[in-house]
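Residue numbers (mature numbering (1 follows the signal peptide of the UniProt record, and there is no 0)): -21 to -1, 1 to 612.
We treat Cβ as the ideally placed atom computed from N, Cα and C, and that holds for glycine.
If you're wondering where the values come from, they're calculated on a predicted model, not measured in any experiment.
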C-alpha cells in the first residue's frame, strides 16, 4: 500500500509539472490555399475588390468549451465581409451557441465566438471559424502593401479559450501577414520645377515669367511643403497661386521673402477630400525680372506626407533661369544604361560644347567610380576643323579622374558654336557592375583675350546593369504520397538584378523534368511564387525522389549558383500506408474504421484513407488495406 501511495504521489507530481509547462495549444490564422499564415496577392492576377478566405485554426487543445477571437486588421488595405462557423469545426456534432459577430471596418476590428450546450470539454484540433476579407486599396507601382491580421491579446475584447468551468486555457497565438504586391516597375515620386530650364535673353528687366512646382507619380499625398530659393538681384516673386492638383477646400498658405530670396509653401488636404494620387501642379509662381544674369531655382526642405504623416520618399529636381547667353560643357550621351556593357567591354563618350562664342582655351576634370570604370583612351577632335591647339591630359584610374587642358594658338580662329560640337572622345573599359556619375568638375572656358566664359556643366551617367535571378525557396507537399496522387511544388524566385526579367523555371525530380513555366516581366527587386503540379502515377511505391528547381539563366547573368535550389525528398507510399510509417498494419486499419463512411464534407474525412480516390471511404478502401496488409518498404 505504501509503494502504491508513493507511485501515486510521483504520478501527481509529474502531472503538475507537465501542466505548468509552456502551453502546446495554438490558435492560428491560416491561409486555406497554402496552409501557412501568409496571404500574398499580385496586381497582375488579383484586382481591388477580390475576396479571400481566412481560417482560424486551433491545435492540440484539451477540454475546450468556449472560444472567442478578437482580430485586428488594417482597414485601409482590406475590409471584413463576414465571419462564420463552418460545418467542419472543432464543436461539430454539438449544440453550438454563437452570437452575431461584431465587425467594425472603420477601425479594423472583428470579434466573434461560440460555446456549446451542455458545456462539456472538447479536445483535439480543428477549425474555430472562417472569415472573408476583401481587398480595398492597390499598392503604389512597384511597391508592396504589407499589414498584419492579428489576434488581439490585450484590449476590451480579447482572443481567449475557456474550459467548462470557465478557466482560461493558455495558448500561443499565430498571427498572419497580408501582402499586396505591385508587379509594375517601381516609380519614385518627384517634386520639380517646370520648366526645369528657362534660358531666354528676351526676358529683360521688367518682364514676368511663371513656373509650376509639380509633383509626379505620388501616392496618397495628404500634405506638402517646400521652400523655393532664388537670386533677388535677378528676379523676385510677384505671386504664388495654389495649383489645380489640389481640391478647392485645401488649406494652404505661402510666405514670400524677396529680401532674402525665398518663398515657403504649405498645403493640407481636408475632409471630405481624400488623399491625392497621380501627378499635377502644386503651385504656380510668377517671377518679375529685375536684372540680367542667371540663378538657380532651388527646392529645399521638401516634404510629402501620407495620411498617417509618414514621409513619402521622393526625388527633387530644381530649376534654372538665365536671361543671357551661357555656354555648356556636356557629356554626350548623357545616360548610358546597358546590360551588354559587362566587364571587360569598352564604350566611349564625347565631351561637347554649345552656346559658346570665341572659345580659345578650356580645362576640366571628369570624375568616375574607378571600381566600375577605367579610362583607357582620349581622342581629341578638331572642333569646327580647327587644328592649331595644344592638348594635355592625365588619367588616374586609382582615383577615377581624367584631367584635360586645351589651348588654341595663332593662327587658330576662336571657336563659336551654338549647337553641340565635340571637343574630345573618352574611351572607358568596364571593370565592375554598378552605377557611376560621369561628373564634370572644375570646368573653365576662356576667350581669345583670356576672359572667362560663363558656362554650365551637364554631367553624364553610366550603369553596368546587373542581371541576376535566384530561386530562394522550393517547398513540395505532401512529402509522402500514394502513386497517382499529385505533389504541389511551390517555387519562389527573386529578381536580384536591375531590369525586369522574363525567363523559364523548371522543376525536377532526381534530375528529370516535371514541368517548365515561363515567368514574364518580373520587376527588379520583386519576388514571385509559382506552383508546379507533379503527377506521380508512373512511380513505384517505396521510392524516394529529390525535388529541385532551376531558373534561367537570363542573358549576361554572372552569378548562376543561386539559380538552382534543392528542396528535399518525396516518398511514394504503399497503397494503404495511411499514416506513412512505411508499413501497412493495424494502425492503418484503425484509421479506416474511424473514418468509415466519411466524404470530403465530413469532419472525420481523411483524404489519405480514400485509397481508390473516389471521394468516399467505404468497404472498398478497407479491402485494399487488407489486401496490402503487412507490406512494408
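A distance below 8 Å between beta-carbons, with the five flanking residues on each side excluded, links residue 545 to the following residues of its chain, in chain order: 453, 525, 526 and 527. By the neighbour-count criterion, in which 16 or more other beta carbons inside 10 Å mark a residue as buried, residue 185 falls on the exposed side.
Counting along the chain, residue 6 sits inside the beta strand (DSSP E) bounded by residues 5 to 9.
Short of 7 Å from the beta carbon of residue 297, and not among the five residues preceding or following it, lie these beta carbons of its own chain, in chain order: 172, 275, 276, 277 and 278.
Of the candidates 380, 411 and 412, 380 places its Cα closest to the Cα of residue 419. Selection 478, 461, 580 and 519 evaluated against residue 590 yields 461 as nearest (Cα-Cα). Taking a cut-off of 8 Å on C-beta distances, the segment 328 to 337 touches the segment 397 to 407, as three or more cross pairs fall below it. Taken in chain order, no unbroken stretch of alpha helix (DSSP H) lies wholly in the segment 382 to 422 with a span of 4 residues or more. Cβ-Cβ distances below 7 Å link residue 263 to 189, 191, 220 and 222 in the same chain, with the five nearest sequence neighbours on each side left out; the list follows chain order.
DSSP places residue 265 in the strand class (E or B) of the three-state scheme.
Check the Cα spacing between residue 112 and each of 490, 20 and 431: the tightest is with 20. With a contact defined as Cβ atoms closer than 8 Å, residue 129 and residue 16 miss out at about 11 Å. Using a Cβ-Cβ distance cut-off of 8 Å, the segment 419 to 439 and the segment 348 to 359 are not in contact, since fewer than three pairs of beta carbons, one from each stretch, lie closer than that value. Separation of the CB atoms of residue 440 and residue 313 is rounded to 7 Å, and the pair is thereby assigned contact status at 8 Å. Burial state of residue 371 is exposed, judged by a 10 Å Cβ sphere holding fewer than 16 other Cβ atoms. Per the DSSP secondary-structure output, residue 380 pairs in a beta bridge with 346 and 375. For residue 574, there is no enclosing beta strand (DSSP E); the enclosing alpha helix (DSSP H) has its first and last residue at 565 to 574. In this structure, residue 302 sits near residue 271, with a CB-CB distance shorter than 7 Å. Annotated three-state conformation of residue 304 is coil, per DSSP. As summarised for the segment 16 to 41, the continuous beta strand (DSSP E) elements at least 3 residues long and confined to that stretch are 17 to 21, given in chain order. Residue 71 sits in coil when the DSSP states are folded into three classes, being neither helix nor strand.
Taken atom to atom, the span from the alpha-carbon of residue 335 to that of residue 344 is near 19 Å. Contact check for residue 138 and residue 49: beta-carbon distance about 5 Å, within the 8 Å limit, so the pair qualifies. Residue 468 sits in a strand when the DSSP states are folded into three classes. Within the same chain, and ignoring the five residues on either side of residue 411 in sequence, the residues whose Cβ sits closer than 8 Å to its Cβ are 322, 350, 351 and 443.
For residue 578, the three-state secondary structure derived from DSSP is coil. Within the segment 135 to 182, the complete beta strand (DSSP E) segments of 3 residues or longer fall at 139 to 141, 151 to 153, 155 to 160, 169 to 173 and 176 to 178, listed in chain order. Taken atom to atom, the span from the alpha-carbon of residue 523 to that of residue 515 is near 11 Å. Assigned with DSSP and collapsed to three states, residue 287 falls in coil, not helix or strand. Under the three-state reduction of DSSP output, residue 426 falls in the strand class. Of the residues 14, 117, 550 and 135, the one whose Cα lies closest to the Cα of residue 459 is 550. Looking at the DSSP output, residue 523 sits in a beta bridge with 550. By the C-beta criterion, the segment 477 to 495 is judged not to be in contact with the segment 577 to 594, since fewer than 3 inter-stretch pairs fall below 8 Å. Judged by pairs of C-beta atoms under 8 Å, the segment 546 to 566 touches the segment 602 to 612, as three or more such pairs exist. Counting other Cβ atoms within 10 Å of its Cβ, residue 366 stays below 16 and is therefore classed as exposed.
By the C-beta density criterion, residue 505 is buried, having at least 16 other C-beta atoms within 10 angstroms.
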